[in-house]
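Colleague: So that we are looking at the same thing, I have put the structure below in C-alpha cells.
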Amino acid sequence: MPELTPEERQRYARHLSIPNVGEAGQLKLKASSVLMIGTGGLGSPAALYLAAAGVGRVGLIDPDTVDRSNLQRQILHGESWVGKPKLESAADRLREINPHVELDLHPVRFTPDNALDLVSRYDLVLDGCDNFPTRFLSNDACFLLKKPCVYGSIFRFEGQVTVFAPHLGGPCYRCMLPTMPPPGSAPSCEEAGVLGVLPGVIGSLQAMEVIKLLLGIGEPPLGKLTCYDALNTSFRSLRLRRDPACRLCGDAPFISSVKNDETTASDSCSIPGMPTITVEELMARLAAGETPYILDVRQPEEEAEGTIPGAVLIPLATLPERLGELPADREILVHCRSGARSARAVTFLHEAGFPQAVNVEGGINAWKSF
Numbered sequence: 001m002p003e004l005t006p007e008e009r010q011r012y013a014r015h016l017s018i019p020n021v022g023e024a025g026q027l028k029l030k031a032s033s034v035l036m037i038g039t040g041g042l043g044s045p046a047a048l049y050l051a052a053a054g055v056g057r058v059g060l061i062d063p064d065t066v067d068r069s070n071l072q073r074q075i076l077h078g079e080s081w082v083g084k085p086k087l088e089s090a091a092d093r094l095r096e097i098n099p100h101v102e103l104d105l106h107p108v109r110f111t112p113d114n115a116l117d118l119v120s121r122y123d124l125v126l127d128g129c130d131n132f133p134t135r136f137l138s139n140d141a142c143f144l145l146k147k148p149c150v151y152g153s154i155f156r157f158e159g160q161v162t163v164f165a166p167h168l169g170g171p172c173y174r175c176m177l178p179t180m181p182p183p184g185s186a187p188s189c190e191e192a193g194v195l196g197v198l199p200g201v202i203g204s205l206q207a208m209e210v211i212k213l214l215l216g217i218g219e220p221p222l223g224k225l226t227c228y229d230a231l232n233t234s235f236r237s238l239r240l241r242r243d244p245a246c247r248l249c250g251d252a253p254f255i256s257s258v259k260n261d262e263t264t265a266s267d268s269c270s271i272p273g274m275p276t277i278t279v280e281e282l283m284a285r286l287a288a289g290e291t292p293y294i295l296d297v298r299q300p301e302e303e304a305e306g307t308i309p310g311a312v313l314i315p316l317a318t319l320p321e322r323l324g325e326l327p328a329d330r331e332i333l334v335h336c337r338s339g340a341r342s343a344r345a346v347t348f349l350h351e352a353g354f355p356q357a358v359n360v361e362g363g364i365n366a367w368k369s370f
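Under UniProt numbering, the residues of the sequence shown are numbered 1 to 370, in order.
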C-alpha cells in the first residue's frame, strides 16, 4: 500500500489524529473510489467534501452545462462557468480543493447501456440524480454488482438520506418504491423549487455515509431513512424493511437486468398516450403564420424566465375556475416551465371537456434552448 507523502500528512492532519481514522484509514480513503451520478445540488457538496477528505479516485457523471439557475445551490460551479460543461467546472474546482485526487470525467447520461460498466469501476455509488428512472437504474446496477448506493433526495425544505445495500443486509430502493410513480405526479425540484442550502445539508450527509463505508466505521443507515425538515430544524428516522416481494432483491426476484420498465422509462413529464408537440414543431407552425391558442400555466412571476409569443397566462391552480375563458372548439397548446404542470393541466382539460388540449414538451426551458 502506498504511503502518505509529507504534504498529504499535513493536509490530512486532522484525520490522522482521529483514532477511528488515523494513517491506516487515510490510506484506505486514498485507495478508494467513488462514482458520483450528477454534479448538481447534491453532487456539489458531496464532491467537495469527498475530494477534501482524500478519496483517491472520484468518477463524475454529468452531460449538462452550467445554467445560471444552478448557481443558487450547485456550489461547485460559478458565474464564469455559465454555458460551459459542468464536468469541466467541477474538475477545475475539485483540483483546486485537492490536487491529489484522481478525477474520471464521464460526460454522458447514465443509461442502462453504460450503467454496469461505469459502476463496476468503483467501490460504491453516490446517487445525486433528480429523476426516478436514474434512481431505479443506480439501485439496480449497484444491486447486481453488490455495490453500496448512497441515496439522497431533496424537495423544497425537506431531504432524505439512506444507503441501499442488500448485500450488506439492508433493503433496496425498490423495497421503498416498488414501481415508477405516474408521470407528472411528483413535481421535480425545478417545478417545485428547493431552498438553496438544503442540498448542502443532504449532500454532506451523503458524503459522510460514503466515508463511513469506505473506512468501515460506524453504522451505515441500512434499513433507515433519515428525513430532515429544515423549517422545523428536525431529523427523524423511518424504518425501511426488505420487501420479500421485491422484484429485485425479494425472495422470488424476476428483475435480472438493468434494462427494465423503470430504468428505461422516459424522465419526461408527458403521460403515455397524451398528445404532445415539440417546441421545434410549435416554432415551425408560428413561423408559417399559424396562430394556435397557447396556454401558459406557470405563475405570473415566472414570466420573467421567458414567454412564448401569444401565450395566455392562466396559472394551473386557477385553471378550474377559468375554464370559461378557454376555446372549446380549438386546439389548446399547454406549456409550463419544463412540462410537468402542463401535463397535469392537459389531463385535467381532457376530463373537463377539452379533448384538443396538447402538451408542449419541455416547456419554456426547451423553447429557450432554440
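Backbone N, C-alpha and C fix where the C-beta goes; we use that ideal spot for every residue, glycine too. Quantities reported herein were computed from a predicted structural model and do not represent experimental measurements.
Considering just the uninterrupted stretch of the beta strand (DSSP E) at Ala357, what are its terminal residues?
Modeller: Ala357 to Val360
Colleague: Could you name the residues of the same chain whose beta carbon sits closer than 7 Å to that of Gly169, not counting the 5 residues immediately before and after it, in chain order?
Modeller: Leu222
Colleague: Hey, how far is the Cα of Asn20 from the Cα of Leu349?
Modeller: 60 Å
Colleague: Check for me: the alpha helix (DSSP H) holding Asp92 runs from which residue to which?
Modeller: Lys86 to Ile97 is the extent of the alpha helix (DSSP H) around Asp92.
Colleague: From what residue to what residue does the alpha helix (DSSP H) around Lys224 run?
Modeller: That residue, Lys224, is in no alpha helix (DSSP H); its beta strand (DSSP E) goes Lys224 to Asp229.
Colleague: Could you have a look at Met176 and say whether DSSP puts it in helix, strand or coil?
Modeller: helix
Colleague: Measuring only the C-alpha atoms, how far is Lys28 from Phe136?
Modeller: Cα to Cα, Lys28 sits roughly 29 Å from Phe136.
Colleague: For Phe132, tell me which candidate among Asn98, Met180, Val119 and Pro220 has the shortest Cα-Cα distance.
Modeller: Met180
Colleague: Across which residues does DSSP place Cys149 in a beta bridge pair?
Modeller: Val125 and Phe164
Colleague: Rounded to whole angstroms, what's the CA-CA distance from Arg247 to Ile255? Just pull it up for me.
Modeller: Using only the alpha carbons, I get a separation of about 6 Å.
Colleague: Candidates Pro107, Lys147 and Glu96: which alpha carbon is nearest Arg121's?
Modeller: Lys147
Colleague: Rounding to the nearest angstrom, what Cα-Cα distance links Val119 and Phe235 in this structure?
Modeller: Near 31 Å, if we compare the C-alpha coordinates of Phe235 and Val119.
Colleague: Between Ile332 and Gln356, how many whole angstroms is the CB-CB distance? I'm expecting something under 8 Å.
Modeller: 6 Å
Colleague: Would you identify the three-state DSSP class for Met274, choosing helix, strand or coil?
Modeller: coil
Colleague: Note the first and the last residue of the continuous beta strand (DSSP E) segment covering His77.
Modeller: Note, His77: premise wrong, no beta strand (DSSP E); not H, not E.
Colleague: Exposed or buried, what is Glu102 when buried is set at 16 or more other beta-carbons lying within 10 Å of its beta-carbon?
Modeller: exposed
Colleague: Compare the C-alpha of His335 against each of Ala31, Gly362 and Pro320 and name the closest.
Modeller: Taking each of Ala31, Gly362 and Pro320 in turn and checking the Cα distance to His335, the smallest one comes out for Gly362.
Colleague: Excluding the 5 residues flanking Ile61 on each side, which residues of the same chain have their C-beta closer than 6 Å to its C-beta?
Modeller: Ile37, His106 and Phe110
Colleague: Which ranges does the beta strand (DSSP E) cover as unbroken runs of at least 3 residues, wholly within the UniProt domain "Rhodanese" (288-369), from first to last along the chain?
Modeller: 293-296, 332-335 and 357-360
Colleague: Assess, as a yes-or-no matter, whether the segment 193-202 is touched by the segment 68-77 under the definition of 3 or more beta carbon pairs within less than 8 Å.
Modeller: yes
Colleague: Quick check on Gly59: does DSSP put it in helix, strand or coil?
Modeller: In this structure, Gly59 counts as strand in the three-state DSSP scheme.
Colleague: Would you check if there are 3 or more beta carbon pairs closer than 8 Å linking the segment 73-93 to the segment 37-48?
Modeller: yes
Colleague: Below 7 Å CB to CB, which residues in the same chain sit around Pro6 once its five sequence neighbours on both sides are set aside?
Modeller: none
Colleague: Taking buried to mean at least 16 other C-beta atoms within 10 Å of its own C-beta, is Ile18 buried or exposed?
Modeller: Counting C-beta atoms within 10 angstroms of its own C-beta, Ile18 has fewer than 16 neighbours from the protein chains shown and is therefore classed as exposed.
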